[in-house]
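Enquirer: Sharing a structure below in structure tokens format, with a few things to ask.
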Amino acid sequence: MKLYVTRHGQTQYNIEVRICGRANVRLTEKGISQAHELAQSMQDTDVDLIISSPLVRAKETADIVGAAIGVPVEVDDRLAERDYGVIDGTYEGTPGFMEQWVQFGYQYPEGESLLKVVQRVYNFLDDIKQRYADKKVMVISHGGVCRVINSYFESLDNEDFFKFNLGNCKVLQYDL
Numbered sequence: 299m300k301l302y303v304t305r306h307g308q309t310q311y312n313i314e315v316r317i318c319g320r321a322n323v324r325l326t327e328k329g330i331s332q333a334h335e336l337a338q339s340m341q342d343t344d345v346d347l348i349i350s351s352p353l354v355r356a357k358e359t360a361d362i363v364g365a366a367i368g369v370p371v372e373v374d375d376r377l378a379e380r381d382y383g384v385i386d387g388t389y390e391g392t393p394g395f396m397e398q399w400v401q402f403g404y405q406y407p408e409g410e411s412l413l414k415v416v417q418r419v420y421n422f423l424d425d426i427k428q429r430y431a432d433k434k435v436m437v438i439s440h441g442g443v444c445r446v447i448n449s450y451f452e453s454l455d456n457e458d459f460f461k462f463n464l465g466n467c468k469v470l471q472y473d474l
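This note's numbering puts the first residue of the sequence shown at 299, with every later residue one more than the last.
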């Protein structure tokens, strides 16, 4: 299996450096343009299937790419970004945010812990390895989920795990 992992296109929250977990923010004009550029770059990859997060910014990106390259888009809830609960939509400079963000077991009020995100994303990866063993699959998701996917394939210490950042509409490729 060949796996292409992509983060959604730019949103207003990305510009404003806001915490964007489950908030359903749309792509900016630049984000839409990035998605079209991504589609162009994927033309010759023979992707069989796109699996997207259910959140609007990822689904918009996936729909643009899928339509351009003629590939079906499935949605999987396990690819949703971390639920930041009551702090979703606040700014990343919010006091205490970074200290809590790097604690795998910390759960924001009305949100979820990073450990729960790791569990659901690893479950997703184990599942698609079996279901699509002979396919080329593209995943379109979020920065936090892409970080977790990268950790599935790379042996990283905590510092390198949290340093990893996949830009909007950038692609990583993994062989399973």
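Beta carbons: idealized from backbone N, C-alpha and C, even for Gly. For clarity, every value in this text was computed on a predicted model and none was experimentally measured.
1) By DSSP, does Tyr430 sit in helix, in strand, or in coil?
2) Can you have a look at Arg376 and say buried or exposed, based on whether 16 or more other CB atoms are within 10 angstroms of its CB?
3) Consult DSSP for Thr392 and reduce its assignment to one of helix, strand or coil.
4) Under a three-way DSSP split, which group does Leu413 fall into?
5) Using a 10 Å radius around the Cβ and a threshold of 16 neighbouring Cβ atoms, would you call Tyr389 buried or exposed?
6) Tell me whether Glu410 is buried or exposed, calling it buried when 16 or more other Cβ atoms sit within 10 Å of its Cβ.
7) On the CB-based measure, 16 or more other CB atoms within 10 Å of its CB, does Ala356 come out buried or exposed?
8) Helix, strand or coil for Gln401, going by three-state DSSP, please let me know.
9) Just curious, the beta strand (DSSP E) that Arg316 is in, first and last residue?
10) Could you name the residues that DSSP lists as bridge partners for Thr304?
11) Do the region 353-367 and the region 416-430 touch if we need at least three Cβ pairs shorter than 8 Å?
Expert: Well, looking at it:
1) coil
2) buried
3) coil
4) helix
5) exposed
6) buried
7) buried
8) coil
9) First-last for Arg316: undefined, no H or E at that position.
10) Ile438 and Val469
11) no
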